[in-house]
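Okay, so here's the structure we're looking at.
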RNA sequence: GGGCGGCUAGCUCAGUUGGGAGAGCGCUAGCUUGACAUGCUAGAGGUCGGCGGUUCGAGCCCGUCGCCGCCCACCA
């Protein structure tokens, strides 16, 4: 066994062996309790990043832990076609090649998409394997594979049958570059520095009277169909019911009163442009104002009745309109104005609200179902507070625009016959249900990607068919995501699950931290700030990356990428490696007996066994309580400090002497430790486990450890003996040696109290001293429990540094003043007071010994 | 505008019923100690964002202010 841990060598072969052994293959017919996770399908827009590694690690910890605790586990892999995102990626590639999708044509574009799917899909699956993700690759799904397409179409048709889908001209967020509608959640709001103009409109029938409106988009006045003021605004009460005359165009605009107007913004008068503003659309609906569509789908103005502006891009039209209005003296003010402007979150283009024919999913009933389910405790959120993100959104929800005008995505399964009858159908119909027509046009639009993602937990299991997988593994057990897609995805899965499966799609949701760059920026491929997990794995190993990610992933705030901490876990793996080397070397040829409490265990054996039980409990509680950081910390602390620093250091000489108890205990502790660590660091634990003696199955088929209460440290006597007395004495010896510049070993120690032989032996080994009953001549130095004589002349400098004594004095003073406070003694719990008294007494005697030995 | 999270050692972060401030990395000093220099040993370093309050006692509870970040939202 090499002396140095090599992550690449360790991680090279295990994944293939696990897969070959079928460890990740789920059996729907298994009689064990079931546990399932549908992996959040990564977008096939590119390779996996550290966010996916975080997400995957958390799920893999659960999947592995559940297998070891006796569950039949399905962790289902897959990818998402990510219609708009993928289309943009490919469009950018084409742009670099100097062409466009239009030049390429639909067919060639589709081929291009297919080969992209294949190559990126393979990369993603490969990355999951490198990470050690225990996914069932026999069940890999893609949101565009034929069975999934059928599920999406079925969902659409069923919504349609229920009357939850409607189509109509509505104002939507329109991306003039993607040439598609997008939903409210896909709007990326950014601050803009614009100009707020105050523009004067004449009031009809009252020569010289004007009404002054405020706007940042003067070009849209060309599509104005009204003017609005607040109903309670005294200034304008007289105007309500009159008409204003739209400059440049001459249109009559009714002046209406509507509560959506904010009286103290601008002039308190709002121009109403129902075709180009969502608020205005709603005002227009309330007052029956006509809708003028003043813009083409590519963002150029569509105002044929005013040819001077027709066909201009919005910003050019804005300049022209303002110049013309200025000539008429109608621009009363132009002030700098900072506000939020909506952008397409996929391509960054400024959105234009405009009216178009779109499909909408009615959200009222679906939201109500979800809220009712949550009120009954349908889904548990970790951390709990994130449930509000979802509840608040549902409470204020508007209908979901599900149609997109893209080249890529699930086609909307709606057909219009030659006589204009509309039908939604999973399979293209042969004959119109309403007339004899057999000629159809298919709806040209596709669905929002999230419509199909929302079906993921059951569509991957075979829905709409009643499959064994669906029956065995729905609802799933766990979902994990980052905060930013709670409403985009998690919420929509919940109402979809309730709608089609009558049960929420998962029992628990973990919202994990987002990994930022080391200087706190967002990790993004386009910014060049992304970190490829494969590079991290190459440098430190998947185990180290996973351990770090598990340690920080549950944080309530975002976490910065920190290589030094990942490297720390690589060193930890090396520590485990070498602990295993030590134990292996000490075992000898004969079989190692089991550890029994009545065997001849020495003090250190009993102590490490007690610490082990506590660690088992802490790790189990950490996983079950969604606090991986406490599980990892307990493991790290136990393995490095308790086991390696103290137990194995003390056990070394016993192992060399062939002590059966030391052999049995060190092997047992290592065995349990590797099992506890396996969900977090699967590769190195598997490797080391198989290097231990005996026939060994895979760790995943090995039972999760349980605390053995027979080894508990009842009353804390082992902790007192070992951690306070023994370790305390060893540390005192080391401190003396350091301050006196002595050799790291040597000296004679006399202990006051009667300790048994194994205590004395441990002190001799750990302190590198002889423990005697009579001290040799020489200067005696005080210990908490006795005296030590080092081989040296009289100390050249004070053996106890003044600073250390001062510190102890200060501690004692604080304890004493606390105890002198009658309020403390009277009101604090007796146990707390008693602890303080004991502490003061110990400090006092310690100081006395150090001063006047 | 509403809501949420964060502000703890030079850096990255723990700290779950309020009762002696922690880890990893970095830093200082010393060690070829027969598992490990990816190591061992001993250390330095913090008014727990500011100010008030509750309490015998506050990093933790309450109030308030200040930054940083996220989500939601129809003031054009």
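Numbering (our numbering), first residue to last: 12 to 864.
For every residue, glycine included, the Cβ atom is placed at its ideal position computed from N, Cα and C.
Under DSSP, the beta strand (DSSP E) around residue i begins and ends at which residues?
i	result
residue 800	797-800
residue 519	517-523
residue 367	363-372
residue 760	759-762
residue 724	Counting along the chain, residue 724 falls outside any beta strand (DSSP E), and DSSP gives it neither H nor E.
residue 791	791-794
residue 354	342-355
residue 434	433-435
residue 85	83-87
residue 452	451-453
Could you pull the start and end residues of the alpha helix (DSSP H) that residue i belongs to?
i	result
residue 337	325-338
residue 165	157-172
residue 556	553-563
residue 72	61-79
residue 679	671-688
residue 26	25-31
Under 6 Å Cβ to Cβ from residue i, same chain only, skipping five residues before and after it: list those, please.
i	result
residue 346	207
residue 802	757
residue 198	184 and 353
residue 642	630, 633 and 634
residue 70	48 and 491
residue 25	694 and 697
residue 616	672 and 676
Taking its Cβ as the centre, do 16 or more other Cβ atoms sit within 10 Å of residue i, making it buried, or is it exposed?
i	result
residue 107	exposed
residue 153	buried
residue 421	buried
residue 673	buried
residue 157	exposed
residue 110	exposed
residue 689	buried
residue 442	exposed
residue 682	buried
residue 538	exposed
residue 446	exposed
Three-state secondary structure (DSSP) at residue i?
i	result
residue 754	coil
residue 179	strand
residue 637	coil
residue 460	helix
residue 141	helix
residue 544	helix
residue 506	helix
residue 864	Model confidence at residue 864 stands at a pLDDT of 49, short of 50, so the residue's coordinates are unreliable; what they give is reported in the following sentence. It is coil, neither helix nor strand.
residue 222	strand
residue 202	strand
residue 782	strand
residue 401	helix
residue 490	strand
residue 43	coil
residue 241	coil
residue 393	strand
residue 615	helix
By Cβ distance below 7 Å, which residues in the same chain neighbour residue i in space, the five residues on each side in sequence not counted?
i	result
residue 577	547, 551, 555, 556 and 559
residue 755	748 and 779
residue 162	466, 470, 474 and 475
residue 435	167, 168, 171, 424 and 425
residue 598	674, 678 and 704
Does the ligand FAD have a heavy atom nearer than 8 Å to the CB of residue i?
i	result
residue 461	This structure lacks the ligand FAD, and indeed carries no ligand of any kind.
Could you name the residues of the same chain whose beta carbon sits closer than 8 Å to that of residue i, not counting the 5 residues immediately before and after it, in chain order?
i	result
residue 781	758, 759, 760 and 775
residue 595	12, 702, 703 and 704
For the stretch 16-32 against the stretch 57-66, are there 3 or more C-beta pairs whose distance is under 8 Å? Verdict: no, contact absent.
Within the chosen definition, does the stretch 119-139 reach the stretch 85-95 through at least 3 CB pairs nearer than 8 Å? yes
Just checking, does the stretch 581-589 make contact with the stretch 622-631 on the three C-beta pairs under 8 Å criterion? no
Contact between the stretch 701-710 and the stretch 721-740: three or more CB pairs below 8 Å? no
Are the stretch 172-180 and the stretch 209-227 in contact at 8 Å, needing three or more beta carbon pairs? Touching, no, given that fewer than three Cβ pairs across the two stretches are closer than 8 Å.
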